[in-house]
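Engineer:
Numbering (this note's numbering), first residue to last: 17 to 438.
#1: From residue 244 to residue 58, what distance separates their C-alpha atoms?
#2: What residue ranges within the region 23-107 form continuous beta strand (DSSP E) runs of no fewer than 3 residues, ordered along the chain?
#3: Note the first and the last residue of the continuous alpha helix (DSSP H) segment covering residue 395.
#4: Kindly indicate which three-state DSSP category residue 211 falls into: helix, strand or coil?
#5: Measure the C-alpha to C-alpha separation of residue 249 and residue 190 and round it to an integer number of angstroms.
#6: Just checking my contact of residue 335 with residue 416 at CB under 8 Å: how many whole Å lie between their CB atoms?
#7: Would you mind working out which of 78, 209 and 349 sits nearest residue 303, comparing C-alpha positions?
#8: Going by beta carbon distance, what residues of the same chain come within less than 6 Å of residue 12, once the five residues before and after it are set aside?
#9: Would you mind sorting residue 160 into buried or exposed? The rule is 16 or more other CB atoms within 10 Å of its CB.
#10: Quick check on the burial criterion: 16 or more other C-beta atoms within 10 angstroms. Buried or exposed for residue 293?
#11: Using 10 angstroms around the beta-carbon of residue 50, count the other beta-carbons present and answer buried if the total reaches 16, otherwise exposed.
#12: Determine the DSSP secondary structure at residue 229, reduced to helix, strand or coil.
#13: Around the Cβ of residue 379, are there at least 16 other Cβ atoms within 10 angstroms (buried) or fewer (exposed)?
#14: Is it the case that the region 261-271 contacts the region 70-81, given that we only count it when at least three CB pairs across the two stretches are under 8 Å?
#15: Am I right that residue 208 and residue 227 are in contact with their C-beta atoms under 8 Å? What's the rounded C-beta distance?
#16: In whole angstroms, what separates the C-alpha of residue 256 from that of residue 195?
#17: Residue 384 and residue 325: beta carbons closer than 8 Å?
#18: Hey, could you find the ends of the alpha helix (DSSP H) residue 419 is sitting in?
#19: From residue 156 to residue 83, what does the alpha carbon distance come to, in whole angstroms?
#20: Alpha carbon to alpha carbon, how far is residue 279 from residue 104? Give it in angstroms, no decimals.
#21: Using the DSSP secondary-structure output, state which residues sit across from residue 254 in a beta bridge.
#22: Pick from 370, 331 and 401: whose alpha carbon is nearest that of residue 390?
#23: Got a sec, what are the start and stop residues for the alpha helix (DSSP H) residue 245 sits in?
#24: Which residues share a DSSP beta bridge with residue 139?
#25: Quick one: residues in its chain with C-beta nearer than 6 Å to the C-beta of residue 426, no 5 flanking neighbours on either side, listed in chain order?
#26: Report the CB separation of residue 64 from residue 253 in whole angstroms; it is logged as a contact under 8 Å.
#27: Around the Cβ of residue 341, are there at least 16 other Cβ atoms within 10 angstroms (buried) or fewer (exposed)?
#28: Which of the three DSSP states, helix, strand or coil, is assigned to residue 409?
#29: With a CB to CB cut of under 6 Å and the five nearest residues on each side skipped, what residues in its chain are close to residue 270?
#30: Counting only runs that start and end within the region 282-368, where is the alpha helix (DSSP H) found for 4 or more residues in a row?
#31: Would you kindly report the start and end of the unbroken beta strand (DSSP E) that includes residue 378?
#32: How is the alpha helix (DSSP H) around residue 279 delimited, first residue to last?
#33: Measure the beta-carbon distance from residue 371 to residue 300 and round it to whole angstroms, keeping in mind my assumption that it falls under 8 Å.
#34: Any idea if residue 53 is buried or exposed, counting beta-carbon neighbours within 10 angstroms, 16 or more meaning buried?
#35: Of the choices 290, 220 and 236, whose alpha-carbon is the least far from that of residue 276?
#36: So is the beta-carbon of residue 170 under 7 Å away from any non-hydrogen atom of the ligand ATP?
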């Protein structure tokens, strides 16, 4: 049975307005640097970045009595607020289903060898509190009739640890955290770009940051430099989106790894990044996962002469295998080398990449089911892998066309594409 979601709810979960920042207090001190008087701000902790991570760090520190200031190049303009990145899901230990527990989640987090065991366990244990506090702040996560938070599988998760309130979940997270930060009177200095982490002594200890601030520019300070003094600096400026030509990062996301390296901070796990299918960056950058592919649209390419190519048929042996692996990209979005084997879901990534390298444009058609592999039977719900058929049957998503299945499972996904004219 399909449920018609009122337009007012779709609007509220799609058009997420951010709070207005209050006026900033003028600096009360200056510091002389090479003959220039620069404004000086003092705090107990400096947070670099105003996304979900930075706001969460600021809120938690302030609740513990610390003095905090947030510095942001563009408040509410980063990955959390402006994209449907991996952060649209909240990974939480699902203690009520499939026998999951915190230790199992910690093992999964560190399974790739990219995290210490104790850190992984801390993340797993803290996940429940992190999610519950966001709900307390007003994040509208879906619940069952008895109040349990609904969960699902994503990113190669095998037990269903994720939850989401639609493609704008990360923006909603930023909204409720920003409102809490303002309620706690945490100053947010916008249009402030950190240029260097300041240190003193041997071995070096952090003592603040040097930043560029548009509002500080004047004849005596043409660059708009400002000094922030604090014994603690939290880098929460996201990843290096501008490092990549093709990326689902919003434009202008540079991250803060360079700041850390220049300050002599030791970095680890720089090789650990996720790669997967996304839309073109110059249009509407978005990763293609979740219900967009679980609806099993027809995926095809178009060459320079306008000819369509049913290219996935070159990679899978049967229509059942093809359609089932398109579905699995919904919760196996990142490219995974082992899922290249045995005709797994990561062949979809390889196929799309090769079409792009051949100069072809790749499209999804939600008005057509996947076409049959030559020599095999047409698409049918009776000929899907058991895990796919079971999922769609439980979700009630057995409508004839992909657009109808998508509308049933996630009307917000259609609303988002409609708003951005995708």
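C-beta: ideal position from N, C-alpha, C; glycine also.
Structural biologist: Let me lay it out:
#1: Within the chain shown, the letter at position 228 stands for residue 244. Within the chain shown, the letter at position 42 stands for residue 58. Computed Cα separation, rounded: 6 Å.
#2: 45-49, 52-58, 61-64 and 84-87, all fully within the region 23-107.
#3: For the purposes of this step, residue 395 is taken as the residue at position 379 of the chain shown. First-last for residue 395: undefined, no H or E at that position.
#4: Taking the first residue of the chain shown as position 1, residue 211 is located at position 195. Residue 211: strand per DSSP, three-state reduction.
#5: Along the chain shown, read from residue 1 onward, the residue named residue 249 stands at position 233. Along the chain shown, read from residue 1 onward, the residue named residue 190 stands at position 174. Here the alpha carbons of residue 190 and residue 249 stand approximately 20 Å from one another.
#6: Translated into positions along the chain shown, residue 335 becomes position 319. Translated into positions along the chain shown, residue 416 becomes position 400. The C-beta distance from residue 335 to residue 416 rounds to 16 Å, too long to fall under 8 Å, and the pair is not in contact.
#7: For the purposes of this step, residue 303 is identified with residue 287 of the chain shown, where counting begins at 1. Nearest option by C-alpha distance: 349.
#8: Any question about residue 12 goes unanswered here, given that the chain covers just 17 to 438.
#9: Walking along the chain shown from the start, residue 160 turns up at place 144. The residue is exposed, with fewer than 16 neighbouring Cβ atoms inside 10 Å.
#10: For the purposes of this step, residue 293 is identified with residue 277 of the chain shown, where counting begins at 1. Burial call: buried.
#11: In the chain shown, residue 50 corresponds to position 34, counting from 1. So residue 50 counts as exposed.
#12: Residue 229 sits at position 213 when you count from the first residue of the chain shown. The answer is strand: DSSP assigns residue 229 an E or B state.
#13: Here residue 379 is taken as the residue at index 363 of the chain shown, counted from 1. By the neighbour-count definition (other C-beta atoms within 10 Å, threshold 16), residue 379 is an exposed residue.
#14: Short answer: they don't touch.
#15: Taking the first residue of the chain shown as position 1, residue 208 is located at position 192. Taking the first residue of the chain shown as position 1, residue 227 is located at position 211. That belief holds up - the Cβ atoms of residue 208 and residue 227 are roughly 5 Å apart, short of 8 Å.
#16: Residue numbering aside, residue 256 sits at position 240 when the chain shown is read from its first letter. Residue numbering aside, residue 195 sits at position 179 when the chain shown is read from its first letter. The alpha-carbon atoms of residue 256 and residue 195 are separated by roughly 27 Å.
#17: One-based indexing of the chain shown puts residue 384 at position 368. One-based indexing of the chain shown puts residue 325 at position 309. Contact flag unset, no.
#18: In the chain shown, residue 419 corresponds to position 403, counting from 1. That run of the alpha helix (DSSP H) goes 418-425.
#19: For the purposes of this step, residue 156 is taken as residue 140 along the chain shown, with counting starting at 1. For the purposes of this step, residue 83 is taken as residue 67 along the chain shown, with counting starting at 1. Cα to Cα, residue 156 sits roughly 29 Å from residue 83.
#20: Position 88 of the chain shown, counted from the first residue, corresponds to residue 104. Position 263 of the chain shown, counted from the first residue, corresponds to residue 279. A caution first: residue 104 carries a pLDDT of 48, below 50, which makes its placement in the model unreliable, though a value can still be read off. The straight-line gap from Cα to Cα measures roughly 31 Å.
#21: By one-based count along the chain shown, residue 254 stands at place 238. Paired residue(s): none; residue 254 is not in a bridge.
#22: Within the chain shown, numbered from 1, the residue matching residue 390 stands at position 374. Of 370, 331 and 401, the residue nearest in Cα terms is 331.
#23: Counting from 1 along the chain shown, the entry for residue 245 is found at position 229. First-last for residue 245: 241-245, but that is the beta strand (DSSP E), not the alpha helix (DSSP H).
#24: Reading the chain shown from its first residue, position 123 is the one you call residue 139. Its beta-bridge partners do not exist; DSSP assigns none.
#25: Counting from 1 along the chain shown, the entry for residue 426 is found at position 410. 307.
#26: Numbered from its first residue, the chain shown carries residue 64 at position 48. Numbered from its first residue, the chain shown carries residue 253 at position 237. Your pair residue 64 and residue 253 checks out as a contact, with CB atoms roughly 5 Å apart and the cut at 8 Å.
#27: Locating residue 341 in the chain shown gives position 325, counting from the first residue. By the 10 Å Cβ count, residue 341 comes out buried.
#28: Position 393 of the chain shown, counting from 1, holds the residue named residue 409. Residue 409: helix per DSSP, three-state reduction.
#29: Within the chain shown, the letter at position 254 stands for residue 270. Correct list, in chain order: 258.
#30: Segments of the alpha helix (DSSP H) lying fully in the region 282-368: 307-310 and 335-344.
#31: Taking the first residue of the chain shown as 1, we reach residue 378 at position 362. Its beta strand (DSSP E) spans residues 377-381.
#32: Here residue 279 is taken as the residue at index 263 of the chain shown, counted from 1. Run containing residue 279: none; DSSP gives neither H nor E here.
#33: To locate residue 371, count along the chain shown from 1; it is residue 355. To locate residue 300, count along the chain shown from 1; it is residue 284. So it is not a contact: roughly 19 Å between Cβ atoms.
#34: Walking along the chain shown from the start, residue 53 turns up at place 37. Classification for residue 53: exposed.
#35: Reading the chain shown from its first residue, position 260 is the one you call residue 276. With respect to the C-alpha of residue 276, the residue from 290, 220 and 236 having the closest C-alpha is 220.
#36: The ligand ATP is absent from the structure shown, which contains no ligand whatsoever.
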